[in-house]
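Report on one structure; see the data block that follows.
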Amino acid sequence: MNIHNITQKSEWDSFFEKIGSPSFHQSWEWGEFQKKIGYEIMRLGLYDNNKLELIALVVKIRSKRGSFLFIPHGPLFNIQTDRLSQWVSDYDAQHIKSNLCELRNYLIPLAKQQGFWFIRMAPILARSHSHDTLCKSLGFRTAPTYMHVETMWIVDVTQSEDELLKNMRKNTRYSIRRAMRDKISVTKHATINAMKDFWTLYKKTSDREKFIPYSKTYLTYEFESFHEYNNALFFFGGFHNNLKLSQPRADEPMAQTFAQEDASKKIAGSLVIFSKSSGFYHQGASIHTQYQASY
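Just add 1115 to wherever you are in the sequence shown, counting from 1, and you've got my numbering.
Following this line, the structure appears as C-alpha coordinates:
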(Lines of atoms letter the chains of each structure in order from A and count residues from 1; the text may use other names and numbers.)
(Lines give C-alpha, C1' and ligand atoms only; values in the text may rest on other atoms or scores of the structure.)
Protein backbone atom coordinates (compact mmCIF):
# COMPACT_ATOMS: atom_id res chain seq x y z
CA MET A 1 0.00 0.00 0.00
CA ASN A 2 1.11 3.56 -0.59
CA ILE A 3 -0.31 7.02 0.02
CA HIS A 4 0.24 10.14 -2.03
CA ASN A 5 -1.46 13.43 -2.83
CA ILE A 6 -4.15 13.42 -5.50
CA THR A 7 -3.69 16.42 -7.75
CA GLN A 8 -6.26 15.71 -10.46
CA LYS A 9 -9.87 16.67 -9.78
CA SER A 10 -11.06 14.04 -12.23
CA GLU A 11 -9.44 11.22 -10.24
CA TRP A 12 -10.84 12.52 -6.94
CA ASP A 13 -14.33 13.02 -8.34
CA SER A 14 -14.37 9.60 -10.01
CA PHE A 15 -13.82 7.82 -6.69
CA PHE A 16 -16.07 10.21 -4.75
CA GLU A 17 -18.99 9.73 -7.14
CA LYS A 18 -18.46 5.97 -7.54
CA ILE A 19 -19.09 5.36 -3.83
CA GLY A 20 -22.13 7.65 -3.76
CA SER A 21 -20.76 11.19 -3.09
CA PRO A 22 -21.98 10.97 0.53
CA SER A 23 -20.80 14.32 1.94
CA PHE A 24 -19.72 17.57 0.35
CA HIS A 25 -17.18 17.92 3.17
CA GLN A 26 -15.00 15.44 1.26
CA SER A 27 -15.67 16.96 -2.15
CA TRP A 28 -12.98 18.62 -4.24
CA GLU A 29 -14.86 21.91 -3.90
CA TRP A 30 -14.76 21.84 -0.10
CA GLY A 31 -11.01 21.61 -0.29
CA GLU A 32 -10.92 24.66 -2.54
CA PHE A 33 -13.15 26.49 -0.07
CA GLN A 34 -10.85 25.61 2.83
CA LYS A 35 -7.90 27.08 0.94
CA LYS A 36 -9.85 30.30 0.30
CA ILE A 37 -10.49 30.79 4.02
CA GLY A 38 -6.84 30.28 4.86
CA TYR A 39 -6.30 26.60 5.65
CA GLU A 40 -3.70 24.32 4.16
CA ILE A 41 -5.08 21.03 2.90
CA MET A 42 -3.95 17.64 1.67
CA ARG A 43 -5.94 15.43 -0.67
CA LEU A 44 -4.63 11.97 0.11
CA GLY A 45 -5.28 8.76 -1.77
CA LEU A 46 -4.39 5.28 -0.50
CA TYR A 47 -3.55 2.80 -3.23
CA ASP A 48 -3.32 -0.99 -3.07
CA ASN A 49 -1.64 -2.38 -6.19
CA ASN A 50 -2.41 0.90 -7.96
CA LYS A 51 -6.11 0.64 -7.05
CA LEU A 52 -7.51 3.61 -5.15
CA GLU A 53 -9.03 2.29 -1.91
CA LEU A 54 -9.47 5.42 0.21
CA ILE A 55 -9.53 9.19 -0.08
CA ALA A 56 -9.07 11.71 2.70
CA LEU A 57 -9.33 15.48 2.52
CA VAL A 58 -7.14 16.58 5.43
CA VAL A 59 -7.43 20.15 6.72
CA LYS A 60 -4.55 21.61 8.73
CA ILE A 61 -6.13 23.59 11.55
CA ARG A 62 -3.97 25.86 13.69
CA SER A 63 -5.63 27.72 16.56
CA LYS A 64 -4.93 28.95 20.08
CA ARG A 65 -6.99 26.11 21.51
CA GLY A 66 -4.94 23.51 19.68
CA SER A 67 -3.54 22.63 16.28
CA PHE A 68 -4.65 19.40 14.64
CA LEU A 69 -5.19 17.54 11.40
CA PHE A 70 -8.89 17.24 10.61
CA ILE A 71 -10.62 14.87 8.19
CA PRO A 72 -14.19 16.20 7.86
CA HIS A 73 -16.73 13.45 7.14
CA GLY A 74 -13.90 11.17 6.17
CA PRO A 75 -11.91 9.26 5.25
CA LEU A 76 -14.07 7.68 2.57
CA PHE A 77 -13.56 3.99 1.88
CA ASN A 78 -14.09 2.02 -1.30
CA ILE A 79 -17.49 0.73 -0.19
CA GLN A 80 -20.88 1.86 -1.43
CA THR A 81 -22.77 4.52 0.49
CA ASP A 82 -26.22 3.80 1.90
CA ARG A 83 -28.31 6.86 2.86
CA LEU A 84 -25.16 9.02 3.04
CA SER A 85 -23.45 6.61 5.45
CA GLN A 86 -20.91 3.83 5.00
CA TRP A 87 -21.23 0.46 6.70
CA VAL A 88 -18.24 -1.87 7.11
CA SER A 89 -19.36 -5.48 6.71
CA ASP A 90 -17.67 -8.36 8.50
CA TYR A 91 -16.22 -9.37 5.14
CA ASP A 92 -14.58 -5.95 4.61
CA ALA A 93 -13.66 -5.24 8.23
CA GLN A 94 -10.04 -6.39 8.18
CA HIS A 95 -9.33 -4.70 4.85
CA ILE A 96 -10.84 -1.39 6.01
CA LYS A 97 -8.93 -1.61 9.29
CA SER A 98 -5.68 -2.09 7.37
CA ASN A 99 -6.44 0.93 5.19
CA LEU A 100 -7.27 3.11 8.18
CA CYS A 101 -4.17 1.91 10.01
CA GLU A 102 -2.04 2.81 6.99
CA LEU A 103 -3.54 6.31 6.88
CA ARG A 104 -3.01 6.79 10.62
CA ASN A 105 0.62 5.68 10.36
CA TYR A 106 1.16 8.12 7.49
CA LEU A 107 -0.33 11.08 9.37
CA ILE A 108 1.23 10.59 12.82
CA PRO A 109 4.85 11.43 11.88
CA LEU A 110 3.66 14.24 9.62
CA ALA A 111 1.63 15.73 12.48
CA LYS A 112 4.58 15.55 14.86
CA GLN A 113 6.96 17.06 12.32
CA GLN A 114 4.64 20.00 11.59
CA GLY A 115 3.65 20.73 15.19
CA PHE A 116 0.09 19.38 15.28
CA TRP A 117 -1.22 18.02 18.56
CA PHE A 118 -3.55 15.32 17.34
CA ILE A 119 -5.45 13.84 14.40
CA ARG A 120 -9.21 14.16 14.30
CA MET A 121 -11.44 12.33 11.87
CA ALA A 122 -15.21 12.44 11.52
CA PRO A 123 -16.05 9.44 9.32
CA ILE A 124 -19.51 8.91 7.89
CA LEU A 125 -19.55 5.37 9.24
CA ALA A 126 -22.98 4.57 10.64
CA ARG A 127 -22.95 4.72 14.43
CA SER A 128 -22.53 1.16 15.73
CA HIS A 129 -20.61 -0.84 18.30
CA SER A 130 -18.52 -2.52 15.60
CA HIS A 131 -17.49 0.81 14.07
CA ASP A 132 -16.67 2.26 17.49
CA THR A 133 -14.56 -0.80 18.22
CA LEU A 134 -12.77 -0.46 14.87
CA CYS A 135 -11.76 3.15 15.56
CA LYS A 136 -10.77 2.52 19.18
CA SER A 137 -8.62 -0.45 18.17
CA LEU A 138 -6.46 2.01 16.22
CA GLY A 139 -6.06 4.42 19.14
CA PHE A 140 -8.88 6.84 18.36
CA ARG A 141 -11.29 7.94 21.06
CA THR A 142 -14.63 9.71 21.01
CA ALA A 143 -14.25 13.50 20.70
CA PRO A 144 -15.84 15.67 23.41
CA THR A 145 -17.80 17.72 20.87
CA TYR A 146 -18.69 17.61 17.20
CA MET A 147 -17.19 19.69 14.39
CA HIS A 148 -20.00 19.15 11.89
CA VAL A 149 -23.58 18.06 12.49
CA GLU A 150 -23.93 14.35 13.22
CA THR A 151 -27.65 13.99 12.47
CA MET A 152 -29.32 14.69 9.14
CA TRP A 153 -32.84 14.39 7.78
CA ILE A 154 -32.61 12.51 4.49
CA VAL A 155 -35.46 12.81 2.00
CA ASP A 156 -35.72 10.63 -1.11
CA VAL A 157 -36.87 13.19 -3.67
CA THR A 158 -37.43 10.57 -6.36
CA GLN A 159 -40.82 9.99 -4.73
CA SER A 160 -43.94 11.70 -6.03
CA GLU A 161 -45.10 14.96 -4.47
CA ASP A 162 -48.01 13.12 -2.83
CA GLU A 163 -45.65 10.55 -1.32
CA LEU A 164 -43.33 13.24 -0.02
CA LEU A 165 -46.19 15.06 1.68
CA LYS A 166 -47.62 11.83 3.07
CA ASN A 167 -44.32 11.02 4.81
CA MET A 168 -44.09 14.44 6.46
CA ARG A 169 -45.46 15.41 9.82
CA LYS A 170 -48.99 16.77 9.84
CA ASN A 171 -47.82 20.25 10.87
CA THR A 172 -45.25 20.31 8.06
CA ARG A 173 -47.86 19.38 5.46
CA TYR A 174 -50.14 22.10 6.78
CA SER A 175 -47.38 24.73 6.63
CA ILE A 176 -46.53 23.85 3.03
CA ARG A 177 -50.15 24.01 1.92
CA ARG A 178 -50.68 27.24 3.84
CA ALA A 179 -47.71 28.77 2.01
CA MET A 180 -49.21 27.73 -1.32
CA ARG A 181 -52.55 29.33 -0.42
CA ASP A 182 -50.70 32.52 0.52
CA LYS A 183 -49.18 32.57 -2.98
CA ILE A 184 -45.64 32.14 -1.71
CA SER A 185 -43.31 30.90 -4.43
CA VAL A 186 -39.71 29.70 -4.56
CA THR A 187 -37.06 30.95 -6.95
CA LYS A 188 -33.52 29.72 -7.52
CA HIS A 189 -30.47 31.85 -8.26
CA ALA A 190 -27.00 30.85 -9.42
CA THR A 191 -25.24 34.22 -9.36
CA ILE A 192 -23.11 35.91 -6.74
CA ASN A 193 -25.55 38.84 -6.78
CA ALA A 194 -27.95 36.68 -4.76
CA MET A 195 -25.49 36.79 -1.85
CA LYS A 196 -26.65 40.32 -0.99
CA ASP A 197 -30.24 39.17 -0.51
CA PHE A 198 -29.20 36.05 1.38
CA TRP A 199 -26.88 38.00 3.67
CA THR A 200 -29.69 40.41 4.60
CA LEU A 201 -31.88 37.48 5.65
CA TYR A 202 -29.00 35.64 7.33
CA LYS A 203 -27.96 38.63 9.45
CA LYS A 204 -31.56 39.20 10.59
CA THR A 205 -31.77 35.52 11.51
CA SER A 206 -28.59 35.61 13.60
CA ASP A 207 -29.73 38.78 15.38
CA ARG A 208 -33.11 37.22 16.17
CA GLU A 209 -31.81 33.80 17.25
CA LYS A 210 -28.71 35.27 18.94
CA PHE A 211 -26.08 33.03 17.36
CA ILE A 212 -22.68 34.04 16.02
CA PRO A 213 -23.01 34.11 12.22
CA TYR A 214 -20.45 33.16 9.64
CA SER A 215 -18.98 36.22 7.98
CA LYS A 216 -20.22 37.44 4.61
CA THR A 217 -16.78 36.64 3.20
CA TYR A 218 -17.03 33.06 4.49
CA LEU A 219 -20.44 32.53 2.88
CA THR A 220 -19.32 34.17 -0.35
CA TYR A 221 -16.27 31.94 -0.62
CA GLU A 222 -18.37 28.85 0.10
CA PHE A 223 -20.81 29.72 -2.66
CA GLU A 224 -18.06 30.63 -5.13
CA SER A 225 -16.11 27.42 -4.49
CA PHE A 226 -19.06 25.21 -5.36
CA HIS A 227 -20.65 27.49 -7.95
CA GLU A 228 -17.48 27.34 -10.04
CA TYR A 229 -18.41 23.71 -10.78
CA ASN A 230 -22.19 24.36 -10.93
CA ASN A 231 -22.77 22.74 -7.54
CA ALA A 232 -24.39 25.56 -5.55
CA LEU A 233 -27.70 27.42 -5.70
CA PHE A 234 -29.52 30.01 -3.63
CA PHE A 235 -33.23 29.41 -3.10
CA PHE A 236 -35.59 32.14 -1.93
CA GLY A 237 -39.16 31.83 -0.75
CA GLY A 238 -41.41 34.85 -0.70
CA PHE A 239 -43.89 37.03 -2.53
CA HIS A 240 -42.52 37.24 -6.03
CA ASN A 241 -44.16 38.71 -9.11
CA ASN A 242 -47.17 36.41 -8.86
CA LEU A 243 -48.59 38.18 -5.79
CA LYS A 244 -51.95 39.86 -6.48
CA LEU A 245 -53.61 41.68 -3.60
CA SER A 246 -56.24 44.06 -4.85
CA GLN A 247 -58.17 43.72 -1.60
CA PRO A 248 -55.82 42.49 1.16
CA ARG A 249 -57.26 40.28 3.84
CA ALA A 250 -57.26 41.62 7.37
CA ASP A 251 -54.67 39.02 8.39
CA GLU A 252 -52.27 39.94 5.55
CA PRO A 253 -50.81 43.34 6.45
CA MET A 254 -47.27 42.20 5.76
CA ALA A 255 -48.14 40.72 2.38
CA GLN A 256 -49.74 44.01 1.34
CA THR A 257 -46.69 45.94 2.51
CA PHE A 258 -44.44 43.63 0.50
CA ALA A 259 -46.57 44.12 -2.61
CA GLN A 260 -46.33 47.88 -2.28
CA GLU A 261 -42.60 48.00 -1.52
CA ASP A 262 -41.13 45.22 -3.61
CA ALA A 263 -42.58 42.83 -6.15
CA SER A 264 -39.93 40.27 -5.21
CA LYS A 265 -39.82 40.37 -1.42
CA LYS A 266 -37.81 37.46 -0.02
CA ILE A 267 -38.86 36.02 3.35
CA ALA A 268 -36.66 32.91 3.53
CA GLY A 269 -33.50 31.76 1.82
CA SER A 270 -31.10 28.85 1.67
CA LEU A 271 -27.75 27.96 0.20
CA VAL A 272 -27.88 24.41 -1.13
CA ILE A 273 -24.70 22.52 -1.98
CA PHE A 274 -24.90 19.68 -4.50
CA SER A 275 -23.01 16.47 -5.06
CA LYS A 276 -23.86 13.95 -7.77
CA SER A 277 -26.21 12.08 -5.44
CA SER A 278 -27.64 14.74 -3.13
CA GLY A 279 -28.48 18.33 -2.40
CA PHE A 280 -27.42 19.57 1.04
CA TYR A 281 -29.33 22.37 2.76
CA HIS A 282 -26.24 23.90 4.34
CA GLN A 283 -27.09 27.52 5.15
CA GLY A 284 -30.55 28.86 5.89
CA ALA A 285 -32.17 32.15 6.90
CA SER A 286 -35.62 33.64 7.31
CA ILE A 287 -37.60 36.64 8.49
CA HIS A 288 -39.93 35.88 11.39
CA THR A 289 -43.43 36.31 9.92
CA GLN A 290 -46.78 34.52 9.86
CA TYR A 291 -45.98 33.24 6.35
CA GLN A 292 -44.47 29.76 5.99
CA ALA A 293 -41.93 30.58 3.28
CA SER A 294 -39.19 28.43 4.82
CA TYR A 295 -41.35 25.34 4.32
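Glycine included, every Cβ here is placed at the ideal spot set by N, Cα and C.
Within a Cβ cutoff of 6 Å, which residues of the same chain sit near Gln1141, ignoring the five residues on either side of it in sequence? The sequence position of residue 1141 within the sequence shown is 26, counting from 1. Closer than 6 Å at the Cβ level, and outside the excluded window around Gln1141, lie Leu1172, His1188, Gly1189 and Leu1191.
| Would Gln1149 be called buried (16 or more neighbouring beta carbons within 10 Å of its own) or exposed? | Start at 1 with the first residue of the sequence shown, and residue 1149 comes out as number 34. With 16 or more Cβ atoms within 10 Å of its Cβ, Gln1149 is classed as buried.
* To do: Return the chain-ordered list of same chain residues with a C-beta closer than 6 Å to the C-beta of Glu1132, the five sequence neighbours on each side being excluded.
  => On the sequence shown, residue 1132 is found 17 positions in, with the first residue counted as 1. Excluding residues within five positions, the ones whose Cβ falls inside 6 Å are Lys1391.
Within the chosen definition, does the segment 1256 to 1274 reach the segment 1213 to 1232 through at least 3 CB pairs nearer than 8 Å? no
message = Could you compute how far the alpha carbon of Ile1121 sits from the alpha carbon of Trp1145?
response = In the sequence shown, counting from the first residue as 1, residue 1121 sits at position 6. In the sequence shown, counting from the first residue as 1, residue 1145 sits at position 30. For Ile1121 and Trp1145, the distance between alpha carbons rounds to 15 Å.
Item to complete: Check Lys1285 in the structure and name its three-state DSSP category.
Response: By one-based count along the sequence shown, residue 1285 stands at place 170. In the structure shown, Lys1285 sits in a helix (DSSP, three-state: H, G or I).
Report all residues from its chain with a CB closer than 7 Å to the CB of Pro1368; omit the five preceding and five following residues, and keep chain order. Stepping through the sequence shown from its first residue, residue 1368 is reached at position 253. Here the model assigns Pro1368 a pLDDT of 44, short of 50, so the residue's position is not dependable and the matter cannot be decided.
Tell me, please, which residues DSSP counts as bridged to Gln1201.
For this step, residue 1201 is matched to residue 86 along the sequence shown. Thr1196 and Leu1240.
- request: Closer than 8 Å by C-beta to Tyr1336: which residues in its own chain qualify, once you throw out the five before and the five after it? Chain order, please.
  value: Along the sequence shown, read from residue 1 onward, the residue named residue 1336 stands at position 221. The residues are Phe1148, Lys1151 and Ile1152.
Next item on the list: Would you please state the rounded distance, in angstroms, between the beta carbons of Tyr1410 and Thr1287? I believe it to be under 8 Å.
Entry: Position 295 of the sequence shown, counted from the start, is the residue given in the question as residue 1410. Position 172 of the sequence shown, counted from the start, is the residue given in the question as residue 1287. That belief holds up - the Cβ atoms of Tyr1410 and Thr1287 are roughly 7 Å apart, short of 8 Å.
Next item on the list: Just the C-alpha distance for Ala1208 and Ala1305, rounded to the nearest angstrom, thanks.
Entry: Reading the sequence shown from its first residue, position 93 is the one you call residue 1208. Reading the sequence shown from its first residue, position 190 is the one you call residue 1305. About 42 Å.
Kindly indicate the opening and closing residues of the beta strand (DSSP E) around Asp1163.
Stepping through the sequence shown from its first residue, residue 1163 is reached at position 48. Taken as a continuous stretch (DSSP letters only), the beta strand (DSSP E) holding Asp1163 covers Glu1155 to Asp1163.
#### Entry: Short Cβ contact (8 Å threshold) for Ala1226 with Ile1239
Counting from one through the sequence shown, the residue named residue 1226 turns up at place 111. Counting from one through the sequence shown, the residue named residue 1239 turns up at place 124. No. Outside cutoff.
#### Entry: Residue closest to Arg1242, alpha-carbon to alpha-carbon, out of Ser1275, Arg1198, Leu1279 and Tyr1221
Along the sequence shown, one-based indexing puts residue 1242 at 127. Of Ser1275, Arg1198, Leu1279 and Tyr1221, the residue nearest in Cα terms is Arg1198.
Quiz prompt | DSSP bridge partner residues for Thr1320 (one or two, in chain order) | solution = Counting from one through the sequence shown, the residue named residue 1320 turns up at place 205. For Thr1320, which the question treats as bridged, DSSP gives no partner whatsoever.
Worksheet item: DSSP on Asn1120, reduced to helix/strand/coil?
Response: Along the sequence shown, one-based indexing puts residue 1120 at 5. The answer is strand: DSSP assigns Asn1120 an E or B state.
On the premise that Phe1231 lies in contact with Ser1182, defined as a C-beta separation below 8 Å, what is that separation, rounded to the nearest angstrom? As a first step, residue 1182 is located in the sequence shown; it is residue number 67 there, counting from the start. As a first step, residue 1231 is located in the sequence shown; it is residue number 116 there, counting from the start. Contact flag correct, Cβ pair sits at about 5 Å.
Nearest to His1312 by alpha carbon, out of Phe1349, Ile1186 and Ala1408?
Numbered from 1 along the sequence shown, position 197 holds the residue referred to as residue 1312. Sequence inspection shows Asp at residue 1312; the His mentioned does not correspond to that position. Closest by alpha carbon: Phe1349.
Exposed or buried, which one is Leu1280 when buried takes at least 16 other CB atoms within 10 Å? Your numbering for residue 1280 matches position 165 in the sequence shown. Label assigned to Leu1280: exposed.
- [ ] Take Met1116 as the anchor and find which of Gln1228, Leu1169 and Asp1163 has the nearest alpha-carbon.
- [x] The residue given as residue 1116 occupies position 1 in the sequence shown. Residue Asp1163 is the option with its Cα nearest to Met1116.
Limits of the unbroken beta strand (DSSP E) element including Tyr1396 = Position 281 of the sequence shown holds residue 1396. Looking at the DSSP string, the run of the beta strand (DSSP E) that includes Tyr1396 is Gly1394 to Ser1401.
I'd like to know whether the C-beta atoms of Tyr1317 and Ala1400 end up nearer to each other than 8 Å. Numbered from 1 along the sequence shown, position 202 holds the residue referred to as residue 1317. Numbered from 1 along the sequence shown, position 285 holds the residue referred to as residue 1400. Contact flag set, yes.
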